[in-house]
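First the structure, in the form of structure tokens, and then the observations on it.
Protein chains: 2
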Amino acid sequence: MDLQALKIFKSVAELGSISQAAQKLNYAQSNITTRIQQLETSFETTLFFRHHRGVTLTAKGKVLLAYTEKIFRLIDETSKVMKDHQIPRGPLIIGSMETTAAVRLPSLLSKYHHDYPEVELTLKTGPTEENIQGVLRYELDGAFVAGPVEHSHLIQQTVVEEELVLITDTVHPPLSSIKDIQNRTLLVFRSGCSYRAKLEQWLHQEGIVPNKTMEFGTLEALLGCVSAGLGISLLPFSTVEPYVQHEKIRYHSIPSMFSTVETVFIYRKNEFMSTAFIKLLDMLNENMMKKSIITI
Amino acid sequence: MDLQALKIFKSVAELGSISQAAQKLNYAQSNITTRIQQLETSFETTLFFRHHRGVTLTAKGKVLLAYTEKIFRLIDETSKVMKDHQIPRGPLIIGSMETTAAVRLPSLLSKYHHDYPEVELTLKTGPTEENIQGVLRYELDGAFVAGPVEHSHLIQQTVVEEELVLITDTVHPPLSSIKDIQNRTLLVFRSGCSYRAKLEQWLHQEGIVPNKTMEFGTLEALLGCVSAGLGISLLPFSTVEPYVQHEKIRYHSIPSMFSTVETVFIYRKNEFMSTAFIKLLDMLNENMMKKSIITI
DNA sequence: TTTGTGCTATCTAAATAACTGATAGCAGGT
DNA sequence: ACCTGCTATCAGTTATTTAGATAGCACAAA
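Heads up: the sequence lines are chains A and B, in that order. Take 28 as the starting number for the first sequence in the working numbering and just add one per residue. Take 28 as the starting number for the second sequence in the working numbering and just add one per residue.
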């Protein structure tokens, strides 16, 4: 059963004549006869009564005509959707760090979903390294990760510069010396998180060996534990700002050399980009223009 | 867009590899590459990301895959329905005289519909001549008409022998002589009705010229008017039996030469018969076996 | 760096299918 | 008896599909 045969069948059925269908479709009459015979053979049935005035559908032919119309409606829809490059649609899978997902993305994604409701937007949070691999393996269309990311197959685009701050519970006194945190437990994201790397880098330089480490998968859990006094952590100021304002936690600036971290959006180079994806990039750039630099 | 291309596309999408799809489908790899390229050209888009480990669907590719699966489900259903010669289904259009439809068909059609609910059964009532034309023009699959019908393209099968009786209102005295009906109005079906022909034939032989004629389209209307004393008519005894029992009308036997009329089922010769139709024929024959001869 | 492996893309030629044109046959209408 | 309008069949042509060989690319191992 091929679509061309069904198209021919439909014409014959509607015109009630093989000759007329041939004329209409610009085919030789013999060809139409043969194609109809092929259809009949493949279905092991008779589709038309042949008579001297043309042909008439049999009961089974009428059933096939109904199905044929259904099939063509579906095919037409497929064509239309596939050739429509205007309206973004289809799946769009974005990766993100937990922190970016919590603070930077909600407004962006909500606006995106509002503007392009036909896009099936999925957000997968995970550490930077995992996200980079995801993009390279085509599992993610793009990802928000801690920059810089230098990879010959990836394009990176700075989204925002975050300032990392050390966070403690509110009982903890203002930091007078780095040594104050010597004995505190470090609360970090599961491995792969670049903030953890920054923290470890800083502590290493200061000659501090962390006492203990606890790993978390989600931001809420980590912040809750910091607030409860379980330990300390290093996170972007924007992420902890509401907690600071509600006096759940206290933040402490750290040397700017270690505090600055840029969040970048990465995606594959030299690849076909769906309209849905292009629109996301557009929205990101637009956002960059409007955004004021975040400082403390 | 042809189904073969979609099938290839589906395999490639599922295996994530052009080479593997080629192997699975027993094609040369070059062929698969080309067919995918053709699809991409026809949709003016990119369906796969090509990389050294195989291929991965783009967003548009994923959309096409979803549609492809939908299309194949529909195609499979079509094939299944078309190749299923066991279960009668589809349209079945039967013609019938008004009288047969009223008395003989209800129980038959109700049983048929119960046994083969997937058949779209349509009953069209009309005079014998119209029904014959309908069958010859493929507008009806078969019809119950007054026999005998001799036509080189038709098969006729006797269903029942009806006995025509003259009917009058209950005030009318038993017929002592044919002359009694000389001045009564004749109530008949619209032209084409074979009972009317019988009646006219009989009256002609008796040298009676009917006074007036009224034409009716439905049985109920005609019987109602006979009952009200507007005139007389000639109908099968089986049709008027309940009216006689309720003493709404009175019947009078007529010479057997003119009274006997057979109802036959006609259908086209030498044609493909749908399962639905064959089942109807079976049911008719079965009915004939069981039926006792109707006499007064 | 070089080499090998595993993949896709491209090209030409062969195989397959779709299509044409001419002809036959059939049933009604003139 | 002849003409008309239709479908079926057959041989030959054209177009499409497929195969096979080869190139090229990117990674991974030596």
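For glycine and all other residues, C-beta sits at the position ideal for the given N, C-alpha and C.
With the rule of 3 Cβ pairs closer than 8 angstroms, the segment 106-113 of chain A counts as touching the segment 66-84 of chain B. For the 7 angstroms CB-CB criterion, A:Met-310 and A:Tyr-143 do not form a contact.
A straight-line Cα-Cα distance of about 7 angstroms links A:Lys-275 and A:Asp-196.
At a beta-carbon threshold of 7 angstroms, the residues of chain B lying near A:Lys-97 are Leu-101, ordered along the chain. Among the bridge pairs identified by DSSP, A:Pro-118 is matched with A:Glu-147. When secondary structure is reduced to three states using DSSP, B:His-273 falls in the coil class, being assigned neither helix nor strand. With contacts defined as CB atoms closer than 7 angstroms, A:Leu-150 and A:Ile-121 qualify as a contacting pair. Here A:Gln-183 is bridged, per DSSP, to A:Ile-293. Following the DSSP letters along the chain, one finds A:Thr-60 inside the alpha helix (DSSP H) bounded by residues 56-70. Around the Cβ of A:Ile-305, a 10 Å sphere holds fewer than 16 other Cβ atoms; the residue is exposed. Here A:Ser-260 is buried: its Cβ has 16 or more other Cβ atoms, across all protein chains shown, within 10 Å.
The segment 159-166 of chain B makes contact with the segment 177-184 of chain B: 3 or more CB pairs, one atom from each, lie closer than 8 angstroms. In terms of beta-carbon proximity, A:Thr-68 stays away from the interface with chain B, with every pair separated by 7 angstroms or more. The Cβ-Cβ distance between A:Arg-116 and A:Val-82 does not fall below 7 angstroms. Rounded to the nearest angstrom, the gap between the Cα atoms of A:Ile-35 and B:Leu-246 is 45 angstroms.
DSSP places B:Leu-167 outside both helix and strand once states are collapsed to three, so it counts as coil.
Considering only beta carbons, the part of the segment 107-129 of chain B lying closer than 8 angstroms to chain A consists of Val-108, Met-109, Lys-110, His-112, Arg-116, Gly-117, Pro-118 and Leu-119, in chain order.
Closer than 7 angstroms to the CB of A:Val-90 there is at least one CB belonging to chain B.
Assigned with DSSP and collapsed to three states, A:Leu-74 falls in coil, not helix or strand. Close to A:Ala-303, with beta-carbon spacing below 9 angstroms, are these residues of chain B in chain order: Ala-86. For B:Phe-243, there is no enclosing alpha helix (DSSP H); the residue is found in the beta strand (DSSP E) stretching over 239-243.
Beyond the five residues adjoining it in sequence on each side, A:Ile-98 comes within less than 8 angstroms, by CB distance, of Leu-30 and Leu-33 in the same chain, given in chain order.
The Cβ atoms of B:Lys-51 and B:Thr-95 lie no closer than 7 angstroms to each other.
Contact of A:Asp-29 with chain B is assigned, a C-beta pair being separated by under 7 angstroms. For A:Glu-71, the chain B residues whose C-beta falls within less than 7 angstroms of its own C-beta are Lys-110, listed in chain order. Secondary structure note for A:Val-236: it is in no alpha helix (DSSP H), with a DSSP letter that is neither H nor E.
Residue pairing for A:Ala-173: DSSP places it in a beta bridge opposite A:Thr-290.
Contact note: A:Phe-76 reaches chain B through Tyr-165, Arg-295, Glu-298 and Phe-299, using a C-beta cutoff of 8 angstroms and chain order. Looking from the CA of B:Ala-173, the closest CA among B:Ala-128, B:Leu-214, B:Val-198 and B:Leu-213 belongs to B:Ala-128. Between A:Ala-40 and A:Leu-84, the C-beta gap is smaller than 7 angstroms, which places the two residues in contact. Within the segment 32-57 of chain A, the alpha helix (DSSP H) runs of at least 4 residues that lie entirely inside it are, in chain order, 45-52.
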